[in-house]
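There are 2 protein chains.
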Amino acid sequence: MDRLRKHIEEITPVSDEEFEHVKTFFTLKRIKKHQYLIQEGEQVNFEYLILSGIFRMFYLDHEGKEYIVQFAGENWWMADYQAYFNEKKASLHITCMEDAEILCLTLYGREKLSSDLHKMEHFFRVKLTKGYTAQQRRIISLLSSSPQQRYEEFGQLYPHMMQKIPKKYIAEYLGVSRETLSRLYSNNKGK
Amino acid sequence: MDRLRKHIEEITPVSDEEFEHVKTFFTLKRIKKHQYLIQEGEQVNFEYLILSGIFRMFYLDHEGKEYIVQFAGENWWMADYQAYFNEKKASLHITCMEDAEILCLTLYGREKLSSDLHKMEHFFRVKLTKGYTAQQRRIISLLSSSPQQRYEEFGQLYPHMMQKIPKKYIAEYLGVSRETLSRLYSNNKGK
């Protein structure tokens, strides 16, 4: 739980007593590469803070085609938030791409912590602010950018993921074909 | 300012004394149809709560092509949040599509209110939560849906906007041609 405290204290300091309270709401879970964390149609009871590992969250259409909404790595929060906040069933899948440790938090826990401690409400607000701006950037990128621009932006924002994630999935995330991605990789190496 | 209080109290009750403090951070602005609220390259000092009117927020590429990120109507919050939260210059444009009244809030004001009043931090967190889930839905829709699905989803989510906004802009928002949109309108009328 030391890592949780460090993560929270990047936003706001918490006392020992406060942290004792905070940590009671989190449960640790270990998950192996290729395991699903959640699948479409399942009840979404948790959001997750990733301590280690990499995940991908995706939507599957009725023909089985996969659309990647998000990758998530260390210190990222992740959930099918439409389902989580509305206590509904998942419309997305989350799968583990690298052995992982995660902390699980229920919606009740999130709301209770926010209500009990102004600091934790602040913490969650700041995290949402960052998530919201990242999503606004992704929407603009999806609407307007060329594959080349999207590729370069992804590499700049997430160099660690660019190295660790198989090209197949990066192509899917960027909405380009494998061939286009290979061409972009080659062009970039030449620079 | 009565409308601001009503808007806040949809999330959390506030006392007269608290509201007296809250309202000092907001300034009212009237804006006419076709006026720009913000343009690319300008310093972003405010976010806006829309009391009346409709706005569209868009990105212009270097060839002058417009990509609509968002429409916003009564009781919506709106800003170029990447710029607002990072105190940077706008990369988006916001323009008024129907005479409007808005309330303006600085980042300092938002943070001060959140710090002074746990209730207001809660209010902003709840609003961000709703915005975040709406964006996650839009990303999935952009990635995976057919024009027909996007059209139907937009009509279900925002029937009021569907009626008020010129078709040209709805087509842009959905990422379809005018011709495709006209076909979707006709198909739908036949149902």
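Line by line, the protein sequences give chains A and B. Going by the working numbering, the first residue of the first sequence is number 1, and it counts up by one from there. Going by the working numbering, the first residue of the second sequence is number 1001, and it counts up by one from there. Each residue gets a CB set at the ideal place from its N, CA and C atoms; glycine is no exception.
Using the beta-carbon count (16 or more within 10 Å), is residue i buried or exposed?
i, result
"THR20 (chain A)", "According to the sequence as given, residue 20 (chain A) is Glu; it is not Thr. Looking at its Cβ environment, which holds fewer than 16 other Cβ atoms inside 10 Å, GLU20 (chain A) is exposed."
"TYR132 (chain A)", "buried"
"GLU47 (chain A)", "buried"
"LYS1119 (chain B)", "buried"
"HIS122 (chain A)", "buried"
Going straight from the alpha carbon of residue i to that of residue j, what length do you get?
i, j, result
"LYS1033 (chain B)", "SER146 (chain A)", "32 Å"
"LEU1105 (chain B)", "LYS168 (chain A)", "44 Å"
"ILE38 (chain A)", "MET1078 (chain B)", "32 Å"
"THR1024 (chain B)", "GLU179 (chain A)", "57 Å"
"VAL1069 (chain B)", "MET1161 (chain B)", "15 Å"
"LYS89 (chain A)", "GLN1135 (chain B)", "18 Å"
"SER144 (chain A)", "PHE1085 (chain B)", "22 Å"
"GLU1010 (chain B)", "VAL1022 (chain B)", "15 Å"
"CYS96 (chain A)", "ILE31 (chain A)", "7 Å"
"GLY1175 (chain B)", "GLY155 (chain A)", "26 Å"
"ARG5 (chain A)", "SER141 (chain A)", "34 Å"
"HIS7 (chain A)", "SER1186 (chain B)", "53 Å"
"ASP80 (chain A)", "GLU87 (chain A)", "10 Å"
"TYR151 (chain A)", "LEU1060 (chain B)", "20 Å"
"GLU66 (chain A)", "SER1015 (chain B)", "49 Å"
"ARG1110 (chain B)", "HIS62 (chain A)", "43 Å"
"PRO159 (chain A)", "ARG1183 (chain B)", "43 Å"
For residue i and residue j, which I take to be in contact (beta-carbon distance under 8 Å), what is that distance rounded to the nearest angstrom?
i, j, result
"ALA171 (chain A)", "LEU157 (chain A)", "With a Cβ gap of about 17 Å, ALA171 (chain A) and LEU157 (chain A) do not count as contacting."
"ILE1054 (chain B)", "GLY1041 (chain B)", "At roughly 24 Å, the Cβ-Cβ gap does not stay under 8 Å, so ILE1054 (chain B) and GLY1041 (chain B) are not in contact."
"LYS1164 (chain B)", "GLU1098 (chain B)", "7 Å"
"LEU1103 (chain B)", "THR1027 (chain B)", "7 Å"
"THR129 (chain A)", "LEU1107 (chain B)", "Wrong, their Cβ atoms sit about 10 Å apart, outside the cutoff."
"ARG137 (chain A)", "GLN1082 (chain B)", "6 Å"
Restricting to Cα atoms, I'd like to know which of the options is closest to residue i.
i, options, result
"LEU92 (chain A)", "A:GLU17, A:VAL176, A:TYR36 and A:GLY109", "A:TYR36"
"LEU113 (chain A)", "B:GLU1111, B:ARG1125 and B:TYR1108", "B:ARG1125"
"LEU51 (chain A)", "A:MET57, A:TRP76 and A:LYS65", "A:TRP76"
"GLU1017 (chain B)", "B:GLU1111, B:LEU1117, B:PHE1058 and B:LEU1060", "B:LEU1117"
"VAL1044 (chain B)", "B:ILE1094, B:ALA1100, B:GLU1153 and B:PHE1071", "B:ILE1094"
"LEU1049 (chain B)", "B:GLU1087, B:ARG1003 and B:SER1015", "B:ARG1003"
"ARG56 (chain A)", "A:ALA100, A:ARG183, A:HIS62 and A:MET1", "A:ALA100"
Taking residue i as the query, report the chain E residues whose CB atoms sit under 8 Å from its CB, ordered along the chain.
i, result
"LEU1128 (chain B)", "Absence of chain E from the displayed structure is noted, the protein chains being A and B."
Task: Segments of 3+ residues assigned as beta strand (DSSP E) that fall wholly inside the segment 85-131 of chain A - done: You should have 93-106.
Open item on the list: Going residue by residue through the segment 139-167 of chain A, where are the continuous alpha helix (DSSP H) segments of at least 4 residues, counting only ones entirely within it?
Closed with: For the segment 139-167 of chain A, whole alpha helix (DSSP H) runs of length 4 or above, ordered along the chain, are 147-157 and 159-164.
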